[in-house]
Amino acid sequence: MTEELLINVTPQETRVATVENGMLTEIWIERAQKIGRVGTIFQGTVKRVLPGMEAAFVDIGLEKAAFLHVSDVQAANANQAEPSIARLLHEGQTLAVQVTKDPLGTKGARVTSKLTVPSRYLVMMPYEDNIGVSVRIDNEAERERLRSNIELLRGESKSNGYIVRTAAEGAETEALQADMEYLAKAWKGVQERRKSSKPGAVIFRDLPLVQRMMRDLNRGNIERIRIDSRETYAQCVTFCNEYVPELETCLEHYPGERPIFDLHGVEDEIDKALNKRVSLKSGGHLVIDQTESMTTIDVNTGGFVGKHNLEETIFKTNLEAAQAIARQLRLRNLGGIIIIDFIDMTILEHRRQVLRALEKALERDHARTQVNEVSPLGLVEMTRKRTRESLEQVLCSECSVCDGRGMQKTLETVGFEIAREIIRQVRQFDIVSVTVLASSEIVEWFTEERSDDLAELQDFAGVPIRLQAEQYYTREHYDVVLQ
Numbered sequence: 001m002t003e004e005l006l007i008n009v010t011p012q013e014t015r016v017a018t019v020e021n022g023m024l025t026e027i028w029i030e031r032a033q034k035i036g037r038v039g040t041i042f043q044g045t046v047k048r049v050l051p052g053m054e055a056a057f058v059d060i061g062l063e064k065a066a067f068l069h070v071s072d073v074q075a076a077n078a079n080q081a082e083p084s085i086a087r088l089l090h091e092g093q094t095l096a097v098q099v100t101k102d103p104l105g106t107k108g109a110r111v112t113s114k115l116t117v118p119s120r121y122l123v124m125m126p127y128e129d130n131i132g133v134s135v136r137i138d139n140e141a142e143r144e145r146l147r148s149n150i151e152l153l154r155g156e157s158k159s160n161g162y163i164v165r166t167a168a169e170g171a172e173t174e175a176l177q178a179d180m181e182y183l184a185k186a187w188k189g190v191q192e193r194r195k196s197s198k199p200g201a202v203i204f205r206d207l208p209l210v211q212r213m214m215r216d217l218n219r220g221n222i223e224r225i226r227i228d229s230r231e232t233y234a235q236c237v238t239f240c241n242e243y244v245p246e247l248e249t250c251l252e253h254y255p256g257e258r259p260i261f262d263l264h265g266v267e268d269e270i271d272k273a274l275n276k277r278v279s280l281k282s283g284g285h286l287v288i289d290q291t292e293s294m295t296t297i298d299v300n301t302g303g304f305v306g307k308h309n310l311e312e313t314i315f316k317t318n319l320e321a322a323q324a325i326a327r328q329l330r331l332r333n334l335g336g337i338i339i340i341d342f343i344d345m346t347i348l349e350h351r352r353q354v355l356r357a358l359e360k361a362l363e364r365d366h367a368r369t370q371v372n373e374v375s376p377l378g379l380v381e382m383t384r385k386r387t388r389e390s391l392e393q394v395l396c397s398e399c400s401v402c403d404g405r406g407m408q409k410t411l412e413t414v415g416f417e418i419a420r421e422i423i424r425q426v427r428q429f430d431i432v433s434v435t436v437l438a439s440s441e442i443v444e445w446f447t448e449e450r451s452d453d454l455a456e457l458q459d460f461a462g463v464p465i466r467l468q469a470e471q472y473y474t475r476e477h478y479d480v481v482l483q
């Protein structure tokens, strides 16, 4: 399994695509005006304590207060059994909290006061004393070696706990020690900023998206990392040279005129991932419905009739669907409760094989998943850890035309698409000017909200850009006319 990373950088957003054997499997999007906050530590203020829910709402300076459950509160007495939220927190109290889930839909962020600081090989848990090893390291001898090394390196004080990350497999003792020293300095900085920071202030922020990807990659499978920004490429070379030298040879600046996401059809795959229907090679298809509470996936045979009998048709369609579902979960970043309605199978062994195929395909998923047995109704219930917004939530918003019953791309998403299309055309053709025909709301977004970005785009393209509002164009409908 070879892996390639394609990194597209513009002033407004950074996009990272993971391609496995020529197929897009995951996409990360970080926009300058909406950077993910998972891992960020804030100086928070307790706004409300809810004894009935054993939880509290904490103001961390965002639009919505963050949710803190009693199980995520660092108690002064670690041995206290089932502590009450009212005994641990009070309104107006200041405490440092770390975001574990970004705000999703109508919900605020989920936070914890059990702080952690990550590095390449380790995650430090300042208020704990235990040592954990990633379950993805399955060699028992290696797990014991790593645990013993960390125990030896931290000495008798046991002032901090650690989680050994998957990347630490095979790491030398010296490298682990360097990581621990780096974490000690980082935690000291957090403590110093806590003393002087006002409520709502950020006192620790994880690395930017691209560097974070470099740190957390499964480096054994990476073949190459292509970056279309010369500045970001230079930053990655410096970062890799200091922290992950084995990745430096994989880095490659991509100067091509063809947009980097046109390679392997990434742009087309992103568009397909916003559709409910996913076609299968056999002729069957999936229907994926994402709601705030859960995601449902329905498997249909479609036009696939098989060669022998109906049971064979159903079995082969379900096997193919299991592979496709695992990929779609990663690509769309679907999390929470997921209900899969496979086509009913009468043969018990077929059910087992389909379930095993799904579990096997999910092994490549970086997010933690849990799959239950097939229910009497033929449904598979599973969960996938959700820490950030799904692809649809990042790129789309509720449709105002149908009163919230459907989704449409946000103004920002369409605007960035237009900008990329202009750059694509300018690189390919010798033109004098560009006229963009679009809906009035897109034209207003460019001229009123993003006039600076429009000017920057015009300078970058080197030609004048004219915007023309078309009365009958919908938000997602636009044309780029070259002159």
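Residue 168 in the UniProt record's numbering is what sits at position 168 of the sequence shown, and the numbering runs on without skipping anything.
Ideal Cβ positions, reconstructed from N, Cα and C, are used throughout, including at glycine.
Rounded to whole angstroms, what's the CA-CA distance from T112 to G61? Just pull it up for me. In this model, T112 and G61 are separated by some 16 Å (Cα to Cα).
If you count every other CB in all the chains shown that lies within 10 Å of the CB of T313, and 16 or more means buried, which is it? Flag for T313 reads buried.
So V164 and L146 are supposed to be a Cβ contact under 8 Å. How far apart are they, rounded? Correct: roughly 5 Å between the Cβ atoms.
Compare the C-alpha of E292 against each of V436, T369, L411, Q393 and name the closest. Selected option, being the one with the closest Cα: Q393.
DSSP state of I471, grouped into three classes? Sequence inspection shows Gln at residue 471; the Ile mentioned does not correspond to that position. DSSP, reduced to helix, strand and coil, places Q471 outside both helices and strands of the structure shown, so it counts as coil.
Pick out whichever of D59, V58, E54 has its Cα sitting closest to the Cα of V70. Of the listed residues, the one whose Cα sits closest to V70 is E54.
Between E248 and N241, is the Cβ-Cβ spacing less than 7 Å? In contact: E248 and N241 (Cβ atoms closer than 7 Å).
Given a cut-off of 7 Å, decide if L115 and Q98 are closer than it, judged by their beta-carbon atoms. Between Q98 and L115, the CB-CB gap stays under 7 Å.
Could you work out which residue in G415, Q483, S440 is closest to L457 when comparing CA atoms only? Per the Cα distances, G415.
Apart from the five residues just before and just after D341, which ones in its own chain have a Cβ nearer than 6 Å to its Cβ? Hits under 6 Å: D298, L379.
Would you check if there are 3 or more beta carbon pairs closer than 8 Å linking the stretch 374 to 391 to the stretch 351 to 359? Put simply, the stretch 374 to 391 touches the stretch 351 to 359. At least three CB pairs are less than 8 Å apart.
In angstroms with no decimal places, state the Cα-to-Cα distance between Q211 and I343. Q211 and I343 have their C-alpha atoms roughly 42 Å apart.
For a test of the three-state rule: what should DSSP assign to M213, helix, strand or coil? M213 sits in a helix when the DSSP states are folded into three classes.
Closest by CA to S439, which one among E246, L411, T317? Its Cα nearest to that of S439, the residue L411 stands out among E246, L411, T317.
I think I337 touches L358, with their Cβ atoms under 8 Å apart; what is that distance to the nearest whole Å? That pair is no contact at about 16 Å.
Pairwise C-alpha distance: R205 and D453: If you draw a straight line from the Cα of D453 to the Cα of R205, it comes to about 26 Å.
Any C-beta of chain B sitting closer than 7 Å to the C-beta of M214? The chain labelled as chain B is not found in the depicted structure, where only one protein chain is given.
Please state the DSSP three-state secondary structure of V99. In this structure, V99 counts as strand in the three-state DSSP scheme.
Which residue comes first and which comes last in the beta strand (DSSP E) that contains R224? Judged by DSSP secondary structure, R224 falls within the beta strand (DSSP E) whose first and last residues are 222 to 227.
Contact between the stretch 133 to 151 and the stretch 96 to 110: three or more CB pairs below 8 Å? Under the Cβ criterion (8 Å, minimum of three pairs), the stretch 133 to 151 does not count as touching the stretch 96 to 110.
For G132, which residues does DSSP report across the bridge? Residue pairing by DSSP places G132 opposite I163 in a beta bridge.
Under the three-state DSSP convention, the category I347 falls into: In the structure shown, I347 adopts coil according to DSSP, grouped into three states.
Give every residue of the same chain whose Cβ lies closer than 6 Å to the Cβ of P464, excluding the five residues on either side of it in the sequence, and list them in chain order. Hits under 6 Å: S433.
Distance CB(V436)-CB(L467) smaller than 7 Å: In this structure, L467 lies closer than 7 Å to V436 by Cβ.
Contact defined as beta carbons within less than 8 Å: I believe L209 pairs with E30. What is the distance between those atoms, to the nearest angstrom? Right, their Cβ atoms sit about 4 Å apart.
Classification of A321 by the beta-carbon crowding that lies within 10 angstroms, buried from 16 upward: A321 counts as buried, since no fewer than 16 other beta carbons sit within 10 angstroms of its beta carbon.
Proximal residues to M213 (C-beta, below 6 Å), its chain only, five neighbours per side dropped: Answer for M213: V16, listed in chain order.
List the whole-angstrom C-beta distance separating R215 from C250, where the pair is believed to meet the contact cut-off of C-beta under 8 Å. The beta carbons of R215 and C250 sit about 14 Å from each other, so the pair does not count as a contact at 8 Å.
Of the listed residues K64, K101, F57, nearest to I94 (C-alpha basis): First, the residue type needs correcting, since residue 94 is Thr and not Ile in the sequence shown. Nearest C-alpha to T94: F57.
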